[in-house]
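**Q** With full-length UniProt numbering, letter number 34 in the sequence shown gets 34, and the count goes up by one each step, no holes. Cβ atoms here follow ideal geometry from the backbone N, Cα and C, with glycine treated the same way.
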Amino acid sequence: MDSAPTELAATIQAASIVSHPDPALDTNPPTAAERRQPVTLEHVKHEHDDGIDDEDEDEEDIPYSVLRPAPRHSHLPPLPDLRFEQSYLRSISKADTWWKVASSCP
């Protein structure tokens with residue numbers, strides 16, 4: 001059995017359903033997607049073209065060392081040995097109060 005609030009909500013929902021909806025009110029308005037038009041692309045040559053993308057230019061303007069710089073060697077210290085910290089954390093992992101953490105130390 002359903003509870004009284006659930007039955008009340010179902011009754012209100014069933015009563016509010018319109019059996020003969022009005023298409024003028026219930027349809028979506030037209031969108032731009034319904035009126036598709038094909039796109040035509042034209043290549044336009046501008047007068048102020050500065051020739052940056054010309055293919056006949058020298059390709060050796062940029063040095064190779066700039067395009068592919070030498071890899072940098074990092075001078076980092078060695079990684080610390082974390083075995084003590086890991087074993088300590090493992091030893092207190094089952095402690096559920098602070099005094100069990102304090103008493104678990106040797």
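Quick check: what's the CA-CA separation for alanine 9 versus isoleucine 17?
**A** Cα to Cα, alanine 9 sits roughly 13 Å from isoleucine 17.
**Q** Following the continuous alpha helix (DSSP H) through aspartate 26, name the residue where it begins and the one where it ends.
**A** Per DSSP, aspartate 26 belongs to the alpha helix (DSSP H) from 23 to 26.
**Q** Whole angstroms is fine: what's the gap from aspartate 96's alpha carbon to tyrosine 88's?
**A** Their Cα atoms are separated by approximately 15 Å.
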